[in-house]
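Asker: What follows is a structure written as structure tokens; I'll ask about it next.
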Amino acid sequence: MKDLINGETVSICLFFIGVYGLCARRNILKTIISMSIMQAAIVLYFLSSNYESTAVPPIGKNLASLERVADPLPQALTITAVVIGVSVTAVCLTMFVSMFHKYGTTNWNKVKKKRSEID
Amino acid sequence: MTLLLYYLVLAPITVGLTQYIFNRPFFKYMGLLFQFSFIVIAIYFFSIPNQLFPLVGTPLPTGMILKVDATSNLFLFLSSVLFFSLTLFSNQKKYMNKLFLFLFMSLQGLINGVFLSYDLFNAYVLIEVATITVSILIMYKKDKQSMYDGMIYLTINMIAMAFFLFGIAVLYKTTGVLDFGSLRSAIQNIEDTKRLNLSFALLFTGVSIKAAVLPLFSWLPKAHGTASAPSIVSAVLSGVFVKIGIYLLIRIQWMYMPMIDIQPLVLAIGYLTAIAGFIFAISHSDIKLILAYHTVSQIGLILIGIGGSMEIHHFGALYHVLSHGIFKSLLFIIAGVLIYRYGTRKITDMKGLWQLSKPLSILLVIAVFSITGAPFFSGGFSKYLIGYRLDDPLQKGLLMLINWGTMISFIKFFYVIIKPLEHSVDFFSVRKSEFTGMWLLAAFCIGLGTFGPLVLDHIFHVQLDYSFVDQLTKLPAYLINYLGCYLVYVYIIKDNFLLKYIRRLELSFNSINLAIVTFFIFSLVYLNQ
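Structure (structure tokens):
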């Protein structure tokens, strides 16, 4: 059981918790929160994917003499993914605010109903 | 040479930014000049396929490269032609202000970047940024409907990219590399193919949402047919942006071959998507929605080509990407002109176009002939390639059905031209610059069809025995088919009560997500068989 609680399994669970939120919640704000949970899960997966407890960070000179160096690529990718995730959330929230001003509701279905009345 | 590729990605963004800062009319023409240069570069690249250009000094798999080969260059050519003619079309329009131009040109740079990048993560980053740009363009006029359309578009596409990124993460853990070439060789060395299933299912789901296949296309008609975006945005979205999904699907399929072969699945999804697309298109009377649902149908047709058993079907699919991009853009901008002049989006209220503007009628006929697959037109040639020497009677029949569906849903467009005017419309003349853009696209529609075999030889180096006379002999069959479709439309489909129910079918946000999860689980189960 203890072995199961590692970065990978936790991140897969988190990802699908986010997906559940998307399927089951009608609140637009909760949708945005669910998307952030999915992003966080992916970041966790990247970081724990090639993790070794004895590895040394790849910083400084004389790396060749070290036996085990941590994989630096996931960290570089993660930082990009984090930045993109934050900006996407920001754009979503901005759009949500202006949509709320037009429709006056946070419920996807009510917005959809009002939208179909316009056509 | 490396500079040329940097140029393709960075020049549009830089030019857009310069326009935004200095805001002089002179820069608009500069932008056109730059866009023309992209077409020239794309044509030049056809003669030197398979070029690799390093972005950093380190070699692969740790370095980064841009790559242009026949497939990516085809997409590059499509995007260059579309952006050039669409900018030409809308050069004098009011909405072409500095912000719009900046967003529009940045989008071009980002799309070019996606087609040139040779690793999954770069493609992910570029698509994410392009998606944000597109959603701002969809909401450009900030009216009530477009807020919902843009929000649905943004959220669904972000979910797609989350699946895609998770797929990349899982694949990176299994293989330790990210570029297409190294991934392909790493995947081939894996003995237990079950280890690849999760990453493939995640990537496949992400890409399928982007490509808008059945049952994941609910976001597309909203975004592409939105009332508030200028028609050139719809044209770019349907013409080239939705093809990013197709492009990535081709790349992913290539990477996983022969360990995971999903040709039959792609083929089945293709037929279902194509049929669903035209059924929805027939049921609607909003001109932009008809075209948007038809994009879904044509995406299905492209997938049929990709899933085909012969190599020529694959080339047919790529050729259809090119021809569909061009004729659909032409249709969208003509639709934009018609909506503006008639003051309505309902196609049944548009009448007497031949009396009002003969050149516009001819352009519309060219576009409709292309999409319905008439001989001598681009759609006709690519559909011929997709159905090349098919032996299976079921597949033959289904392709025929899809073609009939397309013909039936475009009968309404002929009505626009033929039906007499009931009351006078203030139909002021179309600008010269608008016509130049449209005629350019129309010329491509005819050129890519009539000289199809030559173009195919130039792009893919495939010789095909399909002469002028062969095309001519197909003409009577086409006309008879169209007559049959007309009769079916008038006596069976028109005013059918079922259409009303189909028109009302629309998934809510939660149902779209449920469809995504179902699709993901289905593909995982399919792979684990």
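Taken in order, these protein sequences are the chains called F and P.
According to my numbering, the stretch in the first sequence is residues 9 to 127, in order.
According to my numbering, the stretch in the second sequence is residues -1 to 527, in order.
Backbone N, C-alpha and C define an ideal beta-carbon position, used for all residues, glycine too.
Quick caveat: nothing in here was measured; it's all calculated off a predicted structure.
#1: What do you reckon, are the CB atoms on Leu246(P) and Lys208(P) nearer than 8 Å?
#2: Can you give me the start and stop residues for the beta strand (DSSP E) that Pro66(F) sits inside?
#3: Where does Gly204(P) land, buried or exposed, given buried means 16+ other C-beta within 10 angstroms?
#4: Kindly say whether Ser61(F), judged by its beta-carbon, lies nearer than 8 Å to any beta-carbon of chain P.
#5: Could you give the DSSP three-state label for Pro52(P): helix, strand or coil?
#6: Taking only three categories from DSSP, how would you classify Val319(P)?
#7: Is there at least one Cβ from chain P nearer than 8 Å to Ile99(F)'s Cβ?
#8: Starting from the Cα of Ile154(P), find the closest Cα among Val27(F), Phe108(F), Asn70(F) and give me that residue.
#9: Say whether the stretch 328 to 338 of chain P touches the stretch 444 to 452 of chain P, bearing in mind that this needs 3 or more beta-carbon pairs closer than 8 Å, one atom from each stretch.
#10: Beta-carbon within less than 8 Å of Val264(P)'s beta-carbon, same chain only, minus the 5 sequence neighbours each way: which residues are those?
#11: Applying the 10 Å Cβ sphere with the 16-neighbour rule, what's the burial state of Gly377(P)?
#12: Hey, quick one: how far does the beta strand (DSSP E) through Lys430(P) stretch, first residue to last?
#13: Over the uninterrupted alpha helix (DSSP H) stretch that includes Lys120(F), give me the two end residues.
#14: Could you tell me which chain P residues have their CB closer than 7 Å to the CB of Ser106(F), listed as they occur along the chain?
#15: Could you check the C-alpha separation between Gly174(P) and Gly93(F) for me, to the nearest Å?
#16: Using DSSP with H/G/I as helix, E/B as strand and the rest coil, what is Val96(F)?
#17: So if I threshold CB-CB distances at 9 Å, which residues from the stretch 322 to 339 of chain P count as touching chain F?
#18: Taking the straight line between their C-alpha atoms, what separation do you get for Ile324(P) and Pro66(F)?
#19: May I ask which residues mark the beginning and end of the alpha helix (DSSP H) holding Ile150(P)?
#20: Which residues of chain P have a Cβ atom closer than 9 Å to the Cβ of Val64(F), listed in chain order?
#21: For a test of the three-state rule: what should DSSP assign to Ala88(P), helix, strand or coil?
#22: At which residues does the alpha helix (DSSP H) containing Leu135(P) begin and terminate?
#23: Would Asn58(F) pass as an interface residue toward chain C - the criterion being a Cβ-Cβ separation below 8 Å?
#24: Answer yes or no: does any C-beta atom of chain P fall closer than 8 Å to that of Ile67(F)?
#25: At a CB-CB cut-off below 7 Å, which residues of chain P make contact with Arg34(F)?
#26: Assuming Val66(P) is part of the beta strand (DSSP E), what are its boundary residues?
#27: In this structure, how does DSSP classify Lys220(P) when only helix, strand and coil are distinguished?
#28: Is the beta carbon of Thr17(F) less than 8 Å from the beta carbon of Leu55(F)?
#29: Could one say the Cβ of Phe100(P) lies closer than 8 Å to chain F's Cβ atoms, at least one of them?
#30: Given this structure, state the Cα-to-Cα distance separating Phe549(P) from Ile490(P), to the nearest angstrom.
#31: Flag this pair as touching only if the stretch 41 to 51 of chain P and the stretch 80 to 91 of chain P have three or more C-beta atom pairs under 8 Å; answer yes or no.
#32: Have a look at Leu201(P) and Gln83(F) and give me their C-alpha separation to the nearest angstrom.
#33: Straight-line CA distance for Val54(P) to Ile273(P)?
#34: Note down the Cα distance separating Ile109(P) from Tyr254(P), rounded to an integer number of angstroms.
#35: Can you list, in chain order, the residues of its chain whose CB lies under 6 Å from that of Ser281(P), leaving out five sequence neighbours each side?
#36: Tell me whether the stretch 221 to 229 of chain P and the stretch 137 to 148 of chain P touch, counting them as touching only if at least three CB pairs, one residue from each stretch, are closer than 8 Å.
Answerer: Taking the definition as stated:
#1: Residue 246(P) sits at position 248 when you count from the first residue of the second sequence. Residue 208(P) sits at position 210 when you count from the first residue of the second sequence. Closer than 8 Å, so yes.
#2: Taking the first residue of the first sequence as position 1, residue 66(F) is located at position 58. Secondary structure note for Pro66(F): it is in no beta strand (DSSP E), with a DSSP letter that is neither H nor E.
#3: By one-based count along the second sequence, residue 204(P) stands at place 206. Around the beta carbon of Gly204(P), a 10 Å sphere encloses 16 or more other beta carbons of the protein chains shown; the residue is thus reported as buried.
#4: Taking the first residue of the first sequence as position 1, residue 61(F) is located at position 53. So no, Ser61(F) is outside the interface.
#5: The sequence position of residue 52(P) within the second sequence is 54, counting from 1. Of the three classes helix, strand and coil, the one that applies to Pro52(P) here is strand, per DSSP.
#6: Sequence index remark: in the second sequence, residue 319(P) carries index 321 (1-based). Correct three-state label for Val319(P): helix.
#7: On the first sequence, position 91 is the one that residue 99(F) refers to. The amino acid occupying residue 99(F) in the given sequence is Val; Ile does not appear at that position. Chain P contact via Cβ: present.
#8: One-based indexing of the second sequence puts residue 154(P) at position 156. Selected option, being the one with the closest Cα: Val27(F).
#9: Contact between the stretch 328 to 338 of chain P and the stretch 444 to 452 of chain P is absent, because fewer than three Cβ pairs lie under 8 Å.
#10: Here residue 264(P) is taken as the residue at index 266 of the second sequence, counted from 1. So the list reads Leu247, Gln251, Leu301, Ile304, Gly305, once near-sequence residues are dropped.
#11: Along the second sequence, read from residue 1 onward, the residue named residue 377(P) stands at position 379. Around the beta carbon of Gly377(P), a 10 Å sphere encloses 16 or more other beta carbons of the protein chains shown; the residue is thus reported as buried.
#12: Here residue 430(P) refers to the residue found at position 432 of the second sequence. Counting along the chain, no beta strand (DSSP E) covers Lys430(P); the unbroken alpha helix (DSSP H) around it starts and ends at 430 to 448.
#13: Taking the first sequence and counting its residues from 1, one reaches residue 120(F) at position 112. According to the DSSP assignment, Lys120(F) belongs to the alpha helix (DSSP H) that extends over 116 to 126.
#14: Here residue 106(F) is taken as the residue at index 98 of the first sequence, counted from 1. Neighbours of Ser106(F) on chain P, chain order: Met145.
#15: Sequence index remark: in the second sequence, residue 174(P) carries index 176 (1-based). Sequence index remark: in the first sequence, residue 93(F) carries index 85 (1-based). Going from the Cα of Gly174(P) to the Cα of Gly93(F) covers about 23 Å.
#16: Counting from 1 along the first sequence, the entry for residue 96(F) is found at position 88. Residue state, collapsed to three classes: helix.
#17: Result list empty, no residue passes.
#18: Position 326 of the second sequence, counted from the start, is the residue given in the question as residue 324(P). Position 58 of the first sequence, counted from the start, is the residue given in the question as residue 66(F). Going from the Cα of Ile324(P) to the Cα of Pro66(F) covers about 50 Å.
#19: Position 152 of the second sequence, counted from the first residue, corresponds to residue 150(P). Under the DSSP assignment, Ile150(P) falls in the alpha helix (DSSP H) whose first and last residues are 142 to 173.
#20: Counting from one through the first sequence, the residue named residue 64(F) turns up at place 56. The premise fails here: Val64(F) is roughly 18 Å from chain P at the closest Cβ pair, so nothing lies under 9 Å.
#21: The residue given as residue 88(P) occupies position 90 in the second sequence. The residue you asked about is not Ala; residue 88(P) is Ser in the sequence shown. The answer is coil: DSSP assigns Ser88(P) none of H, G, I, E or B.
#22: Translated into positions along the second sequence, residue 135(P) becomes position 137. Start and end: 118 to 136.
#23: You won't find chain C in this structure, because its protein chains are F and P.
#24: For the purposes of this step, residue 67(F) is taken as the residue at position 59 of the first sequence. For Ile67(F), not one C-beta of chain P is nearer than 8 Å to its own C-beta.
#25: Taking the first residue of the first sequence as 1, we reach residue 34(F) at position 26. Result: Asn508.
#26: Within the second sequence, residue 66(P) is the residue found at index 68, counting from 1. It spans 63 to 66 - the beta strand (DSSP E) in which Val66(P) sits, taken as one unbroken run.
#27: To locate residue 220(P), count along the second sequence from 1; it is residue 222. Here Lys220(P) sits in helix by DSSP.
#28: As a first step, residue 17(F) must be located in the first sequence, where it is residue number 9. As a first step, residue 55(F) must be located in the first sequence, where it is residue number 47. Not a contact, by the Cβ cut-off of 8 Å.
#29: Position 102 of the second sequence, counted from the start, is the residue given in the question as residue 100(P). Not a single C-beta of chain F is nearer than 8 Å to the C-beta of Phe100(P).
#30: This structure leaves residue 549(P) out entirely; chain P is present only between -1 and 527.
#31: The stretch 41 to 51 of chain P makes no contact with the stretch 80 to 91 of chain P, as fewer than three CB pairs between them are under 8 Å.
#32: Position 203 of the second sequence, counting from 1, holds the residue named residue 201(P). Position 75 of the first sequence, counting from 1, holds the residue named residue 83(F). Roughly 21 Å separates the two Cα atoms.
#33: Numbered from 1 along the second sequence, position 56 holds the residue referred to as residue 54(P). Numbered from 1 along the second sequence, position 275 holds the residue referred to as residue 273(P). The straight-line gap from Cα to Cα measures roughly 46 Å.
#34: Indexing the second sequence from 1 puts residue 109(P) at position 111. Indexing the second sequence from 1 puts residue 254(P) at position 256. Near 24 Å, if we compare the C-alpha coordinates of Tyr254(P) and Ile109(P).
#35: Taking the second sequence and counting its residues from 1, one reaches residue 281(P) at position 283. The answer, listed in chain order, is Leu497, Ile500, Arg501.
#36: Touching, yes, given that three or more Cβ pairs across the two stretches are closer than 8 Å.
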